[in-house]
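Novice: Counting in our numbering, the sequence shown runs from 19 upward without gaps.
Every residue, glycine too, gets a C-beta built ideally from N, C-alpha and C.
Below you'll find the structure I mean.
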Amino acid sequence: MPATPRSSSNPAMRVVRYAYRIPMLAWHALVHLPLVMLALSLPLARRPLASGEPLGHRLTRWWQGGLMRVFGFRLRRIGSPVEGAAMFVANHVSWVDILALHSQRMMGFVAKYEISRWPLVGWMAAKGETIFHRRGSQESLGGVMEEMQARLRAGRSVGVFPEGRTRGGDEVGPFHARIFSAAVEAAVPVQPVALRYGEGGDAQTVVAFAPGEHFVGNFLRLLGEPGRVGDVIFLEPIDPAALGSRRAIAGLARERIVAAMAGSHG
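Structural data, given as structure tokens:
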């Protein structure tokens, strides 16, 4: 997977981007967000559209996609998400991963508890049915697993990042097998999703957190970055019953994502 420096933009162009993106961000947060919040609080939000998707889900996806556009991302969907209950598993690059996935398919993410306190992103993550997990807590993990199974058995979808944490963007780490138990127990398909930023993934290291960089620093840095494409690649689903073990499912899901990152979709 090709890698580039953290930022290749010159300071003058960053100033120009901040000059028009900060007002865009303010409009999206201060005008669009209250309207979405109001709509989500009404019974109308549960009304299904012609596609069968509830209006509230469509509005949430629209807002998430809009925030990606504020940051200059032009999202491309490759492949199609499976319908009905499913576990979506993706490589984890940065906080924008949740926005990218939510813009394409409604799913309740498993994410670290700290995200719930992040400005804008935390609120929308909660409205997007995120399951927050306190890392290092076995009690929290047990509760997360139970909630995932309950949602899957109720016909809803969940999204997880099996690496467990973000990395530098230059590799896909090992997948933890335990998280796949929920899909095995609920007997629902697992669909791997490759998240690729920049043409051919050449901006993975730009989008990823730099060493020692926190959310606010990453947020502000990405706001000044050049516009770029973001690929959300839905890969061939995996039938847990066909493989039998969580480890085998985790290995195959990671294998398909790594292949997609290298340019081979399947």
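Can you tell me whether VAL225 is helix, strand or coil according to DSSP?
Specialist: Residue state, collapsed to three classes: helix.
Novice: Is it buried or exposed, GLY284, if we count other Cβ atoms within 10 angstroms and call 16 or more buried?
Specialist: Annotation note: pLDDT 48 at GLY284 (below 50); position unreliable, coordinate value reported separately. Exposed is the call here.
Novice: Taking C-alpha atoms, which residue in SER175, PRO29, VAL49 lies nearest to VAL100?
Specialist: The option with the nearest alpha carbon to VAL100 is SER175.
Novice: Can you check which of these residues, ARG183, ALA226, VAL33, PHE127, is closest to HIS194 by C-alpha distance?
Specialist: Of the candidates ARG183, ALA226, VAL33, PHE127, the one whose C-alpha sits nearest the C-alpha of HIS194 is ARG183.
Novice: Look at the alpha carbon of ARG196 and the alpha carbon of ALA63, and state the distance between them as a whole number of angstroms.
Specialist: Their Cα atoms are separated by approximately 34 Å.
Novice: Considering ILE275, what are the terminal residues of the alpha helix (DSSP H) in which it resides?
Specialist: First-last of the alpha helix (DSSP H) with ILE275: 264–279.
Novice: Could you check how far apart the C-beta atoms of GLN167 and ALA204 are, in whole angstroms? I think they sit under 8 Å.
Specialist: Contact holds; Cβ gap of about 5 Å.
Novice: If ALA277 and ASN109 are in contact, beta carbons under 8 Å, what's the gap, nearest whole angstrom?
Specialist: The pair is not a contact, with the Cβ atoms about 12 Å apart (cut-off 8 Å).
Novice: Given ARG274, which residues of its chain have a CB within under 6 Å of its CB, disregarding the five upstream and five downstream residues?
Specialist: These residues qualify, in order along the chain: PRO210, LEU253.
Novice: Tell me, which residues are paired with MET105 by DSSP?
Specialist: Paired residues: VAL176, VAL208.
Novice: Is the beta carbon of ARG264 less than 8 Å from the beta carbon of PHE198?
Specialist: Taking 8 Å as the Cβ cut-off, ARG264 and PHE198 qualify as a contacting pair.
Novice: With the cut-off set at 8 Å, would you say THR223 and GLY186 are in Cβ contact?
Specialist: Yes. Within cutoff.
Novice: Starting from VAL111, trace the alpha helix (DSSP H) in both directions and tell me its first and last residue.
Specialist: Neither: VAL111 is in no alpha helix (DSSP H) and is coded neither H nor E.
Novice: From the DSSP output, read off the bridge partner residues of LEU213.
Specialist: LEU213 is bridged to VAL250.
Novice: Taking only runs of the alpha helix (DSSP H) that begin and end inside the stretch 48–83, which ones reach a length of at least 4 residues, in chain order?
Specialist: Segments of the alpha helix (DSSP H) lying fully in the stretch 48–83: 51–58.
Novice: For ALA21 and MET279, I'd like the C-alpha separation in whole angstroms.
Specialist: Reliability of the predicted coordinates at ALA21 is poor, the pLDDT of 44 falling under 50, and the value obtained from them is presented with this limitation in mind. So the alpha carbons of these two residues sit roughly 12 Å apart.
Novice: Between LEU48, GLY97, VAL111, LEU241, which lies nearest to VAL190 when the distance is taken from Cα to Cα?
Specialist: Of LEU48, GLY97, VAL111, LEU241, the residue nearest in Cα terms is VAL111.
Novice: Once you ignore the five residues that flank GLU147 on each side, which residues in its own chain have a CB closer than 7 Å to its CB?
Specialist: GLY126, listed in sequence order.
Novice: Tell me, please, whether the stretch 255–262 touches the stretch 234–242 by the rule of three or more beta-carbon pairs shorter than 8 Å.
Specialist: No, because fewer than three Cβ pairs between the stretch 255–262 and the stretch 234–242 fall closer than 8 Å, the two stretches do not touch.
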